[in-house]
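Undergrad: This is the structure I want to talk about, given as structure tokens.
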Amino acid sequence: MLDGLDSVAWHELGHAYGGAEDTPGLIRQAASAGRGVVSQAISDLHGSIFHQGTVYPATVVAVPFLAELAVGAPNCRADFVWMIGMLADDRHAVGAELVQVQAAVSAQSKLLVALLFDGDPSVREAAAYATTRAGVSAEVLWRCWAVERVPAVRASLALALGEVDPAAARMVLGGSTAEDEPQVTVTAAVALLRAGFDWPEGTVPSLVTAIEDGGAISWAWARGAEWSEEIVVTPPVLQAAAVVGHMLRSGDPNTRRAALWALSARCDALRSAPPVFVPLVAPLLDDADRGVHEGVLDVLRRAGAAAGQFADAVAAVAGRWPETAGDPGFTVEYRAVETLQRLGDPRWIEPVCRAAGRGHRFRFRPGAVRFTPEVLSAVQIRLATEPATVGVLAAMIGHWGSNGAALVPDLLTAMDQAGPQIAQALLMLGHDAHAAVPHWRTQAQSGDLQGALAVRRLTGDTGVVLDALSVILAGDARAPSTIPSELDNLGDALAPLMPIAGAHLTGTAARAHPQRDKQILAARVVAAIAGPGGVLTTVEAVLAEGDPPARHAADLIADLAEESPASVAHLQQRLRDSLEDRWSRLSAARALARLGVPAAQLARPLIRGITDYGGRFALEIILELRAVEALPALAELLSRDERCDVGNSADDTVWADEMLQDQIRDTIARLRNP
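Written as structure tokens, this is what we have:
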């Protein structure tokens, strides 16, 4: 076994941690007689050649050896079979080498099919999955189905038949939804869903009973973080509501918890879901099971505006937060406060300020706190009556933009209470205040370019800007995520930085993203001093590499195009290529527009920019370019039921999509009525 393992030039192959020199050793350990050694080797192989679902060149070459282990290893053979199947499954595997890995797995199909008749039921169960990924005939699967009696294996075969021979399997699967074996009932119902067939009458109660009895789908077969998502997200609305209703009424707390998770998954997937499904949690608001109670609050935390109908109940829980703020983890009280913040309900303010008064620190994301007139009024009252609470509120106010301007006088009055926090909020609000200058000077010493520029605007001191840039370009501070174009106007005042900035302009893109960001910042400095001629080779190299630093490169080209289009006209093709890069396409579109490319030619990448990561930034550029050609696509984005996944986390999917819909409506109105 494992003949030829040492003849592979593993050092020339890569995996997640660099060269794959360790891979043959791990494969040998996986062939060990010691179960503990084998388990650790499998874990290490997952971590290196299948790291978080990514496949690599070493993965391709490892597949035949993994197949040998699936047949002949002394221990854990089923684990190898599951792994081989997942390597070829695009729901689990990603990466540039995925097609090659899939071909390598398909090449082992004969060996994997033989495992369908293995004496170990756990191997047969895994083989039903792996052969479906590798390529297996329906005839073989039906032969196995006819003789197989182990429920776990029959369950895996049901899913395999649903994929490989759905039409012929329809009647068999329909009958299996009423089987006595819970795992088979569950998988048959899911297989019918995947094949696009209706469930037979009586499936819903049978399915929920099976779930209560422990029926589930193996992780490899699942399509979602939890397998139960599929039985609620996929069916038509009435059927899905029936499933959720039955599960929520279950006497088993685990089933009720699973229903809540699946309910949230449907709300995350479909805009039409919250009005139908969120009200179903009402009977569980006071559930005796702690996990179910927490699950309800988590549903509301993720539900978007539909959570508003339960705002009073949420506020009652949030009111207890000062007593639990020191508890580890995300408590239900913490989640309740977050929900009120996202709803724009001012009842979050009192418990947050009370907890702050007790010395608790927070993990709230300030940018997720919604502005409403009611929240503004409550914050004004709080700042007037308890200015000591300004420190905890300032960061949230800073994210409100022009809506926060009304609070500037209150912030300035409370400057002695929380100077650094207020100074940062004023900076975010775009309000220059002399009282904040000492704090901005301190921030500039750590490389805060925005703070340094604010000091210069108020005092005329360019030295503080030079110091901040030096800390970034010659030190460990990172370049800012957004480089202020104000820097471009400093010209000769930046001349002292020429040596350290010029050192970054190597003509090639640095290996690490933070260094590429510094290259673009250095290019801005040099271009401001001496013009763009000496920086464009490096800028183009960073742009060509894609990823987030390419956005900064395209931003710089766009700014140069506005001032001197002839200097960057030769980069048009490179910019067009960048329209296919999710990170830089929006900035590249802006640059091309400034070089005279009609907005009609840019509408498609601008729309793609909304949904792949850009969100409101894409909409701002559409407005800037007056790209009316994007109107039909904007209307389509607004009318579709599928969510636009533009949230910062899975918990924010609904909130972010609802906010995006508001922004799209505003963009459409402004395009139609300039």
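Under this note's numbering, think of the first position of the sequence shown as 645, with each following residue one higher.
Each residue gets a CB set at the ideal place from its N, CA and C atoms; glycine is no exception.
Keep in mind it's a predicted model, so treat the numbers as computed, not measured.
Check the C-beta distance from Asp-1132 over to Arg-1100 and give it rounded, since I have them as a contact under 8 Å.
TA: As a working mapping, residue 1132 is identified with position 488 in the sequence shown. As a working mapping, residue 1100 is identified with position 456 in the sequence shown. Not confirmed; about 14 Å, so no contact.
Undergrad: What are the start and end residues of the alpha helix (DSSP H) that includes Leu-907?
TA: Numbered from 1 along the sequence shown, position 263 holds the residue referred to as residue 907. That run of the alpha helix (DSSP H) goes 897–913.
Undergrad: Bridge partners for Thr-698 per DSSP, in chain order?
TA: For the purposes of this step, residue 698 is taken as the residue at position 54 of the sequence shown. Beta-bridge pairing links Thr-698 to Val-738.
Undergrad: Could you tell me the boundaries of the alpha helix (DSSP H) in which Arg-1026 lies?
TA: Looking up residue 1026 in the sequence shown gives position 382. First-last of the alpha helix (DSSP H) with Arg-1026: 1017–1029.
Undergrad: Per DSSP, what kind of secondary structure is Glu-1224 in: helix, strand or coil?
TA: As a first step, residue 1224 must be located in the sequence shown, where it is residue number 580. Note: Glu-1224 maps to coil in three-state DSSP.
Undergrad: For the alpha helix (DSSP H) that contains Thr-831, what are its first and last residues?
TA: The count along the sequence shown starts at 1 and reaches residue 831 at position 187. It spans 826–839 - the alpha helix (DSSP H) in which Thr-831 sits, taken as one unbroken run.
Undergrad: For the alpha helix (DSSP H) that Trp-786 lies in, which residues bound it at each end?
TA: The residue you call residue 786 lines up with position 142 of the sequence shown. First-last of the alpha helix (DSSP H) with Trp-786: 782–791.
Undergrad: From Thr-1331 to Val-699, what distance separates their C-alpha atoms?
TA: No statement about residue 1331 is possible, as the shown extent of the chain runs from 645 to 1318 and does not include it.
Undergrad: I'd like the list of long-range same chain contacts for Gln-1024, defined as Cβ closer than 7 Å, with 5 residues on each side in sequence excluded.
TA: Along the sequence shown, read from residue 1 onward, the residue named residue 1024 stands at position 380. Contacts found: Leu-1051 and Asp-1054.
Undergrad: Please report the straight-line C-alpha distance between Asp-1228 and His-1196, rounded to a whole angstrom.
TA: Mapped onto the sequence shown, residue 1228 falls at position 584. Mapped onto the sequence shown, residue 1196 falls at position 552. Strictly speaking, residue 1228 in this sequence is Ser, with Asp absent from that position. The straight-line gap from Cα to Cα measures roughly 8 Å.
Undergrad: When the Cα of Leu-904 is compared with those of Gln-1305, Val-981 and Asp-942, which residue comes out closest?
TA: Your numbering for residue 904 matches position 260 in the sequence shown. Checked all of Gln-1305, Val-981 and Asp-942; the closest Cα to Leu-904 is Asp-942.
Undergrad: Is DSSP giving Glu-1286 helix, strand or coil here?
TA: Here residue 1286 corresponds to residue number 642 of the sequence shown, with the count starting at 1. If DSSP states are grouped into helix, strand and coil, Glu-1286 belongs with the strands.
Undergrad: For His-659, write down the residues that DSSP places opposite it in a beta bridge.
TA: Start at 1 with the first residue of the sequence shown, and residue 659 comes out as number 15. Its beta-bridge partners are Gly-662.
Undergrad: Got a sec? Which residues, its chain only, sit under 8 Å from Arg-1287 by beta carbon, not counting five neighbours each side?
TA: Here residue 1287 refers to the residue found at position 643 of the sequence shown. For Arg-1287, where only same-chain residues beyond five positions count, the Cβ hits under 8 Å are Asp-912, Ala-913, Leu-914, Arg-915, Thr-1297, Val-1298 and Asp-1301.
Undergrad: Following the continuous alpha helix (DSSP H) through Glu-870, name the residue where it begins and the one where it ends.
TA: The residue you call residue 870 lines up with position 226 of the sequence shown. Looking at the DSSP string, Glu-870 is not in any alpha helix (DSSP H), and its letter there is neither H nor E.
Undergrad: Please identify the residue among Pro-972, Ala-702 and Thr-975 whose C-alpha is closest to the C-alpha of His-659.
TA: Position 15 of the sequence shown, counted from the start, is the residue given in the question as residue 659. Checked all of Pro-972, Ala-702 and Thr-975; the closest Cα to His-659 is Ala-702.
Undergrad: Please confirm if the segment 1257–1272 is in contact with the segment 1235–1247, defined as three or more CB-CB distances below 8 Å between the two stretches.
TA: Taking 8 Å as the limit for Cβ pairs, the verdict is that the segment 1235–1247 does touch the segment 1257–1272.
Undergrad: Just to check my reading of the structure: Ile-1251 and Leu-1275 have Cβ atoms closer than 8 Å, yes? What is that Cβ distance to the nearest angstrom?
TA: Looking up residue 1251 in the sequence shown gives position 607. Looking up residue 1275 in the sequence shown gives position 631. Not a contact, Cβ separation roughly 10 Å.
Undergrad: Compute the Euclidean distance between the alpha carbons of Arg-1007 and Pro-1128, then round it to the nearest angstrom.
TA: On the sequence shown, position 363 is the one that residue 1007 refers to. On the sequence shown, position 484 is the one that residue 1128 refers to. Taking the straight line from one Cα to the other gives about 28 Å.
Undergrad: Does DSSP put Arg-1229 in a helix, a strand or coil?
TA: Locating residue 1229 in the sequence shown gives position 585, counting from the first residue. The answer is helix: DSSP assigns Arg-1229 an H, G or I state.
Undergrad: Is Ile-1127 helix, strand or coil when you go by DSSP?
TA: Numbered from 1 along the sequence shown, position 483 holds the residue referred to as residue 1127. In this structure, Ile-1127 counts as coil in the three-state DSSP scheme.
Undergrad: To the nearest angstrom, report how far apart Asp-1060 and Glu-982 are at their CA atoms.
TA: Here residue 1060 is taken as the residue at index 416 of the sequence shown, counted from 1. Here residue 982 is taken as the residue at index 338 of the sequence shown, counted from 1. Each residue's alpha carbon lies about 28 Å from the other.
Undergrad: Distance, Cα to Cα, Ala-664 vs Leu-1180?
TA: Along the sequence shown, one-based indexing puts residue 664 at 20. Along the sequence shown, one-based indexing puts residue 1180 at 536. Distance between the alpha carbons of Ala-664 and Leu-1180 is about 37 Å.
Undergrad: So, under 8 Å CB-CB, Ser-1231 and Ala-1202 are touching, yes? Tell me the CB distance rounded to an integer number of Å.
TA: Taking the first residue of the sequence shown as position 1, residue 1231 is located at position 587. Taking the first residue of the sequence shown as position 1, residue 1202 is located at position 558. Going by Cβ atoms, the distance from Ser-1231 to Ala-1202 rounds to 6 Å, so yes, they are a contact pair.
Undergrad: Based on Cα-Cα distance, which residue from Ala-1022, Ala-866, Val-877 and His-1075 lies nearest to Asp-1285?
TA: To locate residue 1285, count along the sequence shown from 1; it is residue 641. Nearest C-alpha to Asp-1285: Val-877.
Undergrad: Give the DSSP-derived three-state secondary structure of Ile-861 in the structure shown.
TA: On the sequence shown, residue 861 is found 217 positions in, with the first residue counted as 1. Reduced to three states, the DSSP call for Ile-861 is coil.
Undergrad: Using the beta-carbon count (16 or more within 10 Å), is Ser-850 buried or exposed?
TA: Numbered from its first residue, the sequence shown carries residue 850 at position 206. Buried.
Undergrad: Just reading off the alpha helix (DSSP H) that His-1083 is part of, what are its end residues?
TA: Residue numbering aside, residue 1083 sits at position 439 when the sequence shown is read from its first letter. 1081–1088 is the span of the alpha helix (DSSP H), which, as asked, contains His-1083.
Undergrad: Chain C beta carbons: is any one of them nearer than 8 Å to that of Val-922?
TA: Of the chains in the structure shown, none is chain C; there is only one protein chain.
Undergrad: When the Cα atoms are used, what is the spatial distance from Leu-1056 to Gly-1095?
TA: Translated into the one-based positions of the sequence shown, residue 1056 becomes position 412. Translated into the one-based positions of the sequence shown, residue 1095 becomes position 451. Going by the C-alpha atoms only, they are around 17 Å apart.
Undergrad: Here's a check: name, in chain order, each residue in its chain whose Cβ is nearer than 6 Å to the Cβ of Gln-953, leaving out the five neighbours to either side.
TA: For this step, residue 953 is matched to residue 309 along the sequence shown. Nothing meets the Cβ criterion.
Undergrad: Is it the case that the Cβ atoms of Phe-921 and Leu-944 are separated by a distance below 8 Å?
TA: Walking along the sequence shown from the start, residue 921 turns up at place 277. Walking along the sequence shown from the start, residue 944 turns up at place 300. The answer is no: Cβ separation not under 8 Å.
Undergrad: Please indicate yes or no: does the CB of Gln-1024 lie closer than 7 Å to some heavy atom of the ligand MG?
TA: Of the ligands one can find in the structure shown there are none, so the ligand MG has no counterpart to examine.
Undergrad: Around the C-beta of Lys-1162, are 16 or more other C-beta atoms found within 10 angstroms, so that it is buried, or is it exposed?
TA: By one-based count along the sequence shown, residue 1162 stands at place 518. It is buried - the Cβ of Lys-1162 has at least 16 other Cβ atoms within 10 Å.
Undergrad: DSSP on Val-823, reduced to helix/strand/coil?
TA: By 1-based counting over the sequence shown, the position of residue 823 is 179. Looking at the sequence itself, residue 823 is Glu, so the reference to Val does not match. Note: Glu-823 maps to coil in three-state DSSP.
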